[in-house]
Amino acid sequence: MKAMFAIALAIILLFGCTNTNTSGENMKGKTNTTTNEKNISTGSNGKTGTSGTSLFVKRGDTVSVDYIGTLPNGTLFDTSIQAEAAKGGLALRDSYEPLTFTVGAGQMIAGFDAGVIGMKINETKTITLTPAQAYGEKDKTRVIAVPLANIQSDGRNVTIGGFVYTPSGARGIISGINGTDALIDFNHPLAGETLIFKITVKEIKSS
Numbered sequence: 004m005k006a007m008f009a010i011a012l013a014i015i016l017l018f019g020c021t022n023t024n025t026s027g028e029n030m031k032g033k034t035n036t037t038t039n040e041k042n043i044s045t046g047s048n049g050k051t052g053t054s055g056t057s058l059f060v061k062r063g064d065t066v067s068v069d070y071i072g073t074l075p076n077g078t079l080f081d082t083s084i085q086a087e088a089a090k091g092g093l094a095l096r097d098s099y100e101p102l103t104f105t106v107g108a109g110q111m112i113a114g115f116d117a118g119v120i121g122m123k124i125n126e127t128k129t130i131t132l133t134p135a136q137a138y139g140e141k142d143k144t145r146v147i148a149v150p151l152a153n154i155q156s157d158g159r160n161v162t163i164g165g166f167v168y169t170p171s172g173a174r175g176i177i178s179g180i181n182g183t184d185a186l187i188d189f190n191h192p193l194a195g196e197t198l199i200f201k202i203t204v205k206e207i208k209s210s
């Protein structure tokens with residue numbers, strides 16, 4: 004309860020609204036969820052090739068991948084490929100390039116991290132991640148009500164789908180508005196969703 008009050012107070016102190024736009028949010032970011040890699044990876048032994056590259060991705064390797072992320076209904080939510088972003092109707096970013104990360108370093112959501120293990124250069128694979136392997140289930144305690152009077156005191160408009168930011172950098176989405184309060188959802192926008200990724204390995208640098 005005290006934690007929720009602290010978040011609400013932070014929102015009152017610093018409020019900012021923008022349009023909802025998840026385009027460009029790649030899969031980097033630690034998560035508290037875990038996954039069983041045997042269900043996702045191909046079980047490679049990670050033999051090393053020439054010039055410091057691996058024949059197959061293993062833990063500790065630095066990899067660059069292209070990816071296309073969709074929901075089960077086919078909705079595109081993120082990609083590293085500009086043509087796919089344009090085709091899927093995402094707001095275009097300034098630049099597009101393969102996503103680079105170190106496997107097993109906790110830089111990615113668990114299922115994506117495990118999904119590249121055992122892949123080789125130019126291999127393409129599609130993986131399906133449950134919420135537990137991605138951003139977790141939605142947590143009702145991370146949805147709080149903030150009085151509209153406090154939010155609107157600086158003259159900003161409050162609209163459903165707008166983002167709010169706390170001084171610490173936490174981001175929430177306005178998920179609802181009633182007569183007196185705005186509901187702020189601090190769950191990740193993809194929490195509770197099954198995610199499908201089409202991944203192509205572009206480069207492997209051995210650890």
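Per our numbering, residue 4 is the first one in the sequence shown, and the count goes up by one each step.
Note that beta-carbon positions come from the ideal geometry of N, C-alpha and C, so glycine has one too.
Cα-Cα separation, residue i to residue j
i: Glu111; j: Phe200; result: Just to set this straight, residue 111 is Met in the shown sequence, not Glu. Distance between the alpha carbons of Met111 and Phe200 is about 13 Å.
i: Ser67; j: Gly121; result: 14 Å
i: Asn76; j: Thr144; result: 28 Å
i: Lys33; j: Asp116; result: Because the pLDDT of Lys33 is 43, which lies under 50, any placement of that residue in the model is unreliable, and the number read from its coordinates should be weighed accordingly. Each residue's Cα considered, the two are about 10 Å apart.
i: Leu74; j: Gln85; result: 18 Å
i: Glu126; j: Ser83; result: 16 Å
i: Val167; j: His191; result: 13 Å
i: Ala173; j: Gly165; result: 14 Å
i: Leu93; j: Thr129; result: 21 Å
i: Pro101; j: Lys61; result: 18 Å
i: Thr203; j: Thr103; result: 12 Å
i: Phe59; j: Glu140; result: 32 Å
i: Pro150; j: Ser178; result: 14 Å
Three-way DSSP call (helix, strand, coil) for residue i in this model
i: Gln85; result: helix
i: Thr144; result: helix
i: Lys208; result: strand
i: Ala194; result: coil
i: Lys90; result: helix
i: Gln110; result: coil
i: Ile163; result: coil
i: Ile154; result: helix
N-terminal and C-terminal residue of the alpha helix (DSSP H) that residue i is part of
i: Asp116; result: Ala113 to Gly118
Residue i classed as buried or exposed, judged by whether at least 16 other C-beta atoms fall within 10 angstroms
i: Thr183; result: exposed
i: Ile163; result: exposed
i: Lys90; result: exposed
i: Gly114; result: buried
i: Leu132; result: buried
Per DSSP, cross-strand counterpart(s) of residue i
i: Ala185; result: Val149 and Ile180
i: Asp97; result: In the DSSP output, where bridge partners are listed per residue, Asp97 has none listed.
i: Asp69; result: Thr203
i: Arg174; result: Tyr168
i: Leu79; result: Thr73
The beta strand (DSSP E) enclosing residue i, as first and last residue numbers
i: Val167; result: Phe166 to Tyr168
i: Glu128; result: Per the sequence shown, the amino acid found at residue 128 is Lys instead of Glu. That run of the beta strand (DSSP E) goes Thr127 to Leu132.
i: Thr105; result: Leu102 to Thr105
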